[in-house]
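Novice:
Numbering (full-length UniProt numbering), first residue to last: 1 to 305.
(1) How should residue 248 be labelled, buried or exposed, when 16 other C-beta atoms within 10 angstroms of its C-beta is the threshold for buried?
(2) Report the rounded CA-to-CA distance for residue 120 versus residue 280, giving the unit in angstroms.
(3) Within the same chain, show all residues whose beta-carbon is closer than 7 Å to that of residue 125, passing over the 5 residues directly before and after it, in chain order.
(4) If you count every other CB in all the chains shown that lies within 10 Å of the CB of residue 59, and 16 or more means buried, which is it?
(5) What's the call for residue 109, buried or exposed, on a 16-neighbour Cβ count within 10 Å?
(6) From which residue to which residue does the alpha helix (DSSP H) around residue 218 run?
(7) Buried or exposed: which applies to residue 111, given that a residue is buried once 16 or more other Cβ atoms fall within 10 Å of its Cβ?
(8) Taking 8 Å as the threshold (beta carbon to beta carbon), is residue 48 in contact with chain D?
(9) Going by C-alpha to C-alpha distance, which of 202, 276, 71 and 240 sits closest to residue 297?
(10) Looking only at its chain, what residues have a beta carbon closer than 6 Å to the beta carbon of residue 282, apart from the 5 residues adjacent to it on each side?
(11) Looking at residue 176: is its Cβ nearer than 8 Å to the Cβ of residue 77?
(12) Please list the terminal residues of the continuous alpha helix (DSSP H) segment that includes residue 97.
(13) Residue 250: buried (16+ other C-beta within 10 angstroms of its C-beta) or exposed?
(14) Output needed for residue 257: all residues of its chain with C-beta closer than 8 Å, excluding positions within five of it in sequence on either side, in chain order.
(15) Can at least three beta-carbon pairs, one atom from the segment 51-71 and one from the segment 146-161, be found at a separation below 8 Å?
(16) Can you have a look at residue 53 and say buried or exposed, based on whether 16 or more other CB atoms are within 10 angstroms of its CB?
(17) Bridge partners of residue 246, per DSSP?
(18) Is DSSP giving residue 265 helix, strand or coil here?
(19) In angstroms, rounded to a whole number, what distance separates the CA positions of residue 36 and residue 227?
(20) Would you report the Cα separation of residue 144 and residue 43, rounded to the nearest angstrom?
(21) So residue 105 packs on residue 56, CB below 8 Å; how close in whole Å?
(22) I'd like to check one pair, residue 230 with residue 239: are the Cβ atoms closer than 8 Å?
(23) Mark residue 171 as exposed unless 16 or more other C-beta atoms lie within 10 angstroms of its C-beta, in which case mark it buried.
(24) Less than 8 Å between the CB atoms is what I'm expecting for residue 115 and residue 101, so what's the real figure, rounded?
(25) Classify residue 208 as buried or exposed, calling it buried when 16 or more other Cβ atoms lie within 10 Å of its own Cβ.
(26) What do you reckon, are the CB atoms on residue 287 and residue 147 nearer than 8 Å?
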């Protein structure tokens, strides 16, 4: 009887994503509405089903998460959610429980793995515990870029968003520096302190469950990085060099899938604003020690300035 009621509940929750806004209170623990053994699967007459994700791209913002999920979806055994779900970090979504989360997943065949990406997960302190309570064996993908480059990309995105809405914006120097020193109140800087957030994740997940993708290398040469992702996820090797081609007009790699070509949105790959060399040096110096701490945590180094 309990199983029948749960099935009816999951069927009733099949609705399109509902826009919402994040809230700050953590709220109660994750409702226990399904178990990792059956993955909360909800079936469809054509043989496909919605299932809780076995793979989650947890971040980082402006690290290349959209490129990563698009490239990963080239693999025939991967079904990717199209939108950022924000289940674990937005209270208005989390309170709806696992049935709502399940309803946001794509329909996939039984032999496919489901993946979603929400870049804000990595820097939200409450997410690791909530995700662990859903599935302690989930595979996590974290894509990072040089922290200084990530800060500049972060600013660039906000700059263009405000420009399109005809809103005022602050020059980049005024947000990066305050009273001659790095502005520690600038949120984009906090997002680039990778070791702080990684420590939180390692309280719940072993390092072997988290694969760190080099976002800078993914931009320069995506194929080798995606082969590492395939290996980590234990996927049958399918991706090859012909899946990626460099688009000279856009200035970055695009995808080729069964003869069909597609590129990321024009909002990707925007040029960063000019920053005075003295300010860049301050940023490089600021991130030097945090980067070292992150390298120690993950047991590898990256070619960051």
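Ideal Cβ positions, reconstructed from N, Cα and C, are used throughout, including at glycine.
Specialist: So, to answer that:
(1) Residue numbering aside, residue 248 sits at position 248 when the chain shown is read from its first letter. Answer is exposed; the Cβ neighbour count stays below 16.
(2) Here residue 120 refers to the residue found at position 120 of the chain shown. Here residue 280 refers to the residue found at position 280 of the chain shown. C-alpha separation (whole angstroms): 25 Å.
(3) Counted from its first residue, the chain shown places residue 125 at position 125. Answer for residue 125: 200, listed in chain order.
(4) Translated into the one-based positions of the chain shown, residue 59 becomes position 59. By the 10 Å Cβ count, residue 59 comes out buried.
(5) As a working note, residue 109 is residue 109 in the chain shown. Exposed, by the Cβ-count rule.
(6) Here residue 218 is taken as the residue at index 218 of the chain shown, counted from 1. Element bounds for residue 218: 215-220.
(7) Residue mapping note: residue 111 aligns to position 111 of the chain shown, counting from 1. So residue 111 ends up on the exposed side.
(8) Although the question refers to chain D, the structure presented lacks it and comprises just one protein chain.
(9) Taking the first residue of the chain shown as position 1, residue 297 is located at position 297. Measuring from the Cα of residue 297, the nearest candidate turns out to be 202.
(10) Start at 1 with the first residue of the chain shown, and residue 282 comes out as number 282. Once the five neighbours on either side are set aside, the close Cβ partners of residue 282 are 182.
(11) Here the question's residue 176 lines up with position 176 in the chain shown. Here the question's residue 77 lines up with position 77 in the chain shown. Their beta carbons are not under 8 Å apart, which means residue 176 does not touch residue 77 by this criterion.
(12) By 1-based counting over the chain shown, the position of residue 97 is 97. Its alpha helix (DSSP H) spans residues 97-103.
(13) Start at 1 with the first residue of the chain shown, and residue 250 comes out as number 250. With fewer than 16 other beta carbons inside 10 angstroms of its own, residue 250 counts as exposed.
(14) Looking up residue 257 in the chain shown gives position 257. Excluding its 5 nearest sequence neighbours in each direction, residue 257 has C-beta neighbours in its own chain below 8 Å: 74 and 243, listed in chain order.
(15) With a cut-off of 8 Å, the segment 146-161 and the segment 51-71 count as touching, because enough Cβ pairs lie within range.
(16) Reading the chain shown from its first residue, position 53 is the one you call residue 53. The residue in question, residue 53, is buried, as its Cβ has 16 or more Cβ neighbours within 10 Å.
(17) Translated into positions along the chain shown, residue 246 becomes position 246. DSSP output for residue 246 lists 253 as bridge partner(s).
(18) The sequence position of residue 265 within the chain shown is 265, counting from 1. Residue state, collapsed to three classes: coil.
(19) The count along the chain shown starts at 1 and reaches residue 36 at position 36. The count along the chain shown starts at 1 and reaches residue 227 at position 227. With a pLDDT of only 39 at residue 36, under the threshold of 50, the placement of this residue in the model should not be trusted; the figure read from the coordinates follows. One Cα belongs to residue 36, the other to residue 227, and the distance between them is close to 27 Å.
(20) Locating residue 144 in the chain shown gives position 144, where the first residue counts as 1. Locating residue 43 in the chain shown gives position 43, where the first residue counts as 1. C-alpha separation (whole angstroms): 35 Å.
(21) Taking the first residue of the chain shown as position 1, residue 105 is located at position 105. Taking the first residue of the chain shown as position 1, residue 56 is located at position 56. Not confirmed; about 11 Å, so no contact.
(22) For this step, residue 239 is matched to residue 239 along the chain shown. For this step, residue 230 is matched to residue 230 along the chain shown. Using a Cβ distance threshold of 8 Å, residue 239 and residue 230 count as a contacting pair.
(23) The sequence position of residue 171 within the chain shown is 171, counting from 1. Counting the other Cβ atoms within 10 Å of the Cβ of residue 171 gives fewer than 16, which makes it exposed.
(24) Within the chain shown, the letter at position 115 stands for residue 115. Within the chain shown, the letter at position 101 stands for residue 101. No, residue 115 and residue 101 are not in contact; Cβ-Cβ is about 14 Å, not under 8 Å.
(25) Sequence index remark: in the chain shown, residue 208 carries index 208 (1-based). That one is exposed.
(26) In the chain shown, the residue the question calls residue 287 occupies position 287. In the chain shown, the residue the question calls residue 147 occupies position 147. By the CB criterion at 8 Å, residue 287 and residue 147 fall inside the cutoff.
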